[in-house]
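Accompanying notes for the structure given below.
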Amino acid sequence: MIKVALTGNIGSGKSVVTRIFKTLDIPVFIADIEARLLYYREDVKKILKQKLGNRIFDPDGEVNTNVLADVIFNDTKALKTVNGIIHPFVYKKYQKWLDRHRETPYTIHESAILFENNLTSRFDRIIVVVAPEAIRLKRVMKRDNITEEQVRARMVNQWPDEKKVKKADFVIINDGDHFIIPQILEIDKTLKAIK
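For the sequence shown, our numbering gives the first residue as 166, with consecutive numbering after it.
Laid out in structure tokens, this is it:
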């Protein structure tokens, strides 16, 4: 089984691409969803409270993900701290998930910050989804109901598309002009042909 990482900057369309791979019966592990689920675990909340204090918690003691996002996207040290807490847990979940999908030709692990966290060595192939910055800005502002300034604060922590593309095995262009399904079908065909 080939381990494929799928990445791309915020608003590039990773979720759309992963949904299409799922329709092809390809198992997809979405790291961001798994990370968000960890915020409900008491052991994780305890570590977060020790490292970041009470500022990221709501009155009920739950992680306020909007506040957490503001903190980590405006404080590089806090971002590294949270990634250092969350990513080992996510990787353990991924390893268990992989064990359940050993019989498939390939699996996809979606991660927005694959390159930034130096995780590429864990995968056999890398797919990068790209879109122009102006399109990505509009998508994220609409999707998350946030300001351009807030989106740009998140973009600052990600490598530019050009740098990611140089390290990719496959690139999917999601700019509204290129059809993404034929691009995905071609990648699927190529990956299934690898022995």
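Each residue gets a CB set at the ideal place from its N, CA and C atoms; glycine is no exception.
In chain order, what are the residue ranges of uninterrupted alpha helix (DSSP H) at least 4 long that sit wholly in the region 205 to 265?
Qualifying alpha helix (DSSP H) stretches, in chain order: 207 to 217, 230 to 237, 241 to 264.
_Between the alpha carbons of residue 308 and residue 183, how many angstroms are there, rounded?_
Using only the alpha carbons, I get a separation of about 17 Å.
(message) Contact between the region 181 to 196 and the region 260 to 270 is defined here as three or more beta-carbon pairs at a separation below 8 Å; is this criterion met?
(response) yes
Alpha carbon to alpha carbon, how far is residue 303 from residue 271?
-> Residue 303 and residue 271: Cα-Cα distance of roughly 32 Å.
Requested in this report: Could you please give me the residues that DSSP links to residue 169 through a beta bridge?
Outcome: 273, 290
- Which two residues bound the contiguous beta strand (DSSP E) that contains residue 336? 335 to 338
Secondary structure at residue 295, three-state DSSP: helix, strand or coil?
-> strand
message: Can you tell me whether residue 283 is buried or exposed? The criterion is at least 16 other CB atoms within 10 Å of its CB, across all chains shown.
response: exposed
Relative to the C-alpha of residue 226, which residue among 210, 238, 175, 249 is closest? The shortest CA-to-CA distance from residue 226 to any of 210, 238, 175, 249 is the one to 210.
Residue range of the alpha helix (DSSP H) that includes residue 316
Where residue 316 is concerned, the enclosing alpha helix (DSSP H) stretches over 313 to 320.
#### Entry: Backbone secondary structure at residue 300 - three-state DSSP
helix
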